[in-house]
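Student: One structure, pasted below without further comment.
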Amino acid sequence: MVGDYIGRLAPTPTGRLHLGHARTFHTAWKRAREANGVLIYRDEDIDTLRCKAEFSQGAMKDLRWLGLNWDAGPDIGGPNAPYQQSQRTERYLDAWHRLKNGGWIYPSTHSRKQLREATESGFARQSPINEDEQDSEAIFPESWRPEKGIGQDATEPGDFNWRFRVPDGEVITFEDGYFATQSFTAGEDFGDFLVWRRDGVPAYELAVVVDDIAMGITEVVRGADLLRSTARQLLIYRALSAKPPAFYHCPLVRDESGQRLAKRSESLSLQALRESGKTASDLQA
Ligand code: GLU
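Per the numbering used here: the sequence shown = residues 146 to 430.
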């Protein structure tokens with residue numbers, strides 16, 4: 146009998162997977178299998194400038210080597226195909242229309258570079274450092290927001306960055322399956338965030354929510370670096386009148402110096418381990 150659980154593996158093919166990914170994806174796989182559920186593989190190659198086909202292929206190979214399997218994905222198809230984000234643009238565009246018509250998002254001429262400069266000069270505030278992400282982020286200055294209603298008659302995203310107008314001061318709370326209760330304050334922990342980039346690429350936050358809704362995901366398992374993103378995504382679910390899934394964030398794997406592993410840390414890539422003759426069971430040791 147198949148349970149009601151639908152989970153997903155959603156790597157971004159901008160580099161090689163490392164041990165941290167192995168741990169998170171293994172957890173996602175295990176939770177789906179233990180629930181007798183369905184596991185979907187989604188290739189998050191939305192940013193075609195940064196993503197490479199070789200990394201998409203490599204990620205699937207690495208995860209199969211780890212012993213993971215999935216019930217739908219780019220290599221095997223499935224009821225919600227296509228499973229590559231680069232092929233799902235019209236769905237994101239449809240969500241863009243809905244968010245725009247609902248007055249949730251606005252077009253901005255301020256670039257991400259300007260935001261970075263404004264942060265360096267102290268004009269834009271920084272969020273407090275988040276323990277799990279070990280990072281803070283620039284809060285998009287309120288004075289850069291256009292008046293409400295601006296952009297609502299646009300027929301396409303055009304040459305603008307579109308941002309979600311966050312409800313300043315609202316505390317977004319959710320129960321995480323691993324980290325328990327999590328709270329983030331809009332306007333303090335994060336500001337107006339990108340949903341569509343001026344180069345025509347939908348932002349991660351939008352694409353992931355649109356796909357998780359379309360694919361009927363019941364639980365999102367991913368790294369703790371995305372805890373704050375979950376708060377943003379909950380705002381998108383609300384704006385789209387969709388029921389959010391459950392969330393389970395996995396602790397990040399750190400190296401000996403306490404730095405979290407990144408795709409740049411080639412040495413611990415799964416491909417390097419695989420090619421050095423290690424087996425997946427060596428990793429569990
Ligand atoms: N594609 C994202 C990443 O590799 C994960 C997105 C998610 O699980 O929501 O970092």
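Virtual Cβ for every residue (Gly too), placed ideally from N, Cα, C.
Source: prediction; values computed, not measured.
Could you give the DSSP three-state label for N128: helix, strand or coil?
Tutor: Look at the range of the chain in this structure, 146 to 430, and you will see that residue 128 is not part of it.
Student: Near P252, which residues of its chain fall below 6 angstroms by C-beta distance, leaving aside the five closest residues on each side in sequence?
Tutor: G296, F305, W307
Student: When burial is assigned at 16 or more other CB atoms within 10 Å of the CB, is K258 buried or exposed?
Tutor: Result: exposed.
Student: In the DSSP assignment, find the alpha helix (DSSP H) that holds R168 and state where it starts and stops.
Tutor: 164 to 179
Student: Using the C-alpha atoms, what's the distance from W341 back to W289?
Tutor: 17 angstroms
Student: On a Cα-Cα basis, can you pick out the residue from D334, V346, G361 that is closest to T375?
Tutor: Among D334, V346, G361, the Cα nearest to that of T375 belongs to D334.
Student: For D321, which of F392, R195, S421, T172 has the nearest alpha-carbon?
Tutor: Nearest to D321 by alpha-carbon distance, out of F392, R195, S421, T172, is F392.
Student: Can you check DSSP and say which residues form a bridge with S328?
Tutor: T318
Student: V355 lies in the alpha helix (DSSP H); which residues open and close that run?
Tutor: 349 to 359
Student: With the cut-off set at 9 angstroms, would you say R187 and Y237 are in Cβ contact?
Tutor: no
Student: Just to confirm, does Y228 get its C-beta within under 8 angstroms of one of the non-hydrogen atoms of ligand 1?
Tutor: Outside the cutoff, so no.
Student: Where does D207 fall in DSSP's three states?
Tutor: helix
Student: Cβ atoms of F329 and W249: under 9 angstroms apart, would you say?
Tutor: no
Student: Would you mind sorting G169 into buried or exposed? The rule is 16 or more other CB atoms within 10 Å of its CB.
Tutor: It is worth fixing the name first, because residue 169 is Thr in this sequence and not Gly. Buried, since its Cβ has 16 or more Cβ neighbours within 10 Å.
Student: Does at least one heavy atom of ligand 1 sit under 8 angstroms from the Cβ of V316?
Tutor: no
Student: Rounded to whole angstroms, what is the Cα-Cα separation between Y150 and L184?
Tutor: 8 angstroms
Student: Going by beta-carbon coordinates alone, are T234 and E189 separated by less than 9 angstroms?
Tutor: no
Student: Considering only their Cβ atoms, is the gap separating A167 from L194 smaller than 9 angstroms?
Tutor: no
Student: Would a C-beta distance cut-off of 9 angstroms place L351 and W241 closer than the cut-off?
Tutor: yes
Student: Suppose the cutoff is 6 angstroms on Cβ atoms and the five residues either side in sequence are ignored; what does the same chain contact list for C196 look like?
Tutor: P158, T159, D190
Student: Going straight from the alpha carbon of P389 to that of A359, what length do you get?
Tutor: 12 angstroms
Student: Per DSSP, V437 forms a beta bridge with which residues?
Tutor: Outside the displayed span of the chain (146 to 430) sits residue 437, for which this structure offers no information.
Student: Less than 9 angstroms between the beta carbons of V353 and Q378, yes or no?
Tutor: yes
Student: Looking only at DSSP bridge pairs, what is A217 linked to?
Tutor: I185
Student: Let me confirm a value: Q404 is counted as buried when at least 16 other C-beta atoms fall within 10 Å, else exposed. Which label applies?
Tutor: exposed
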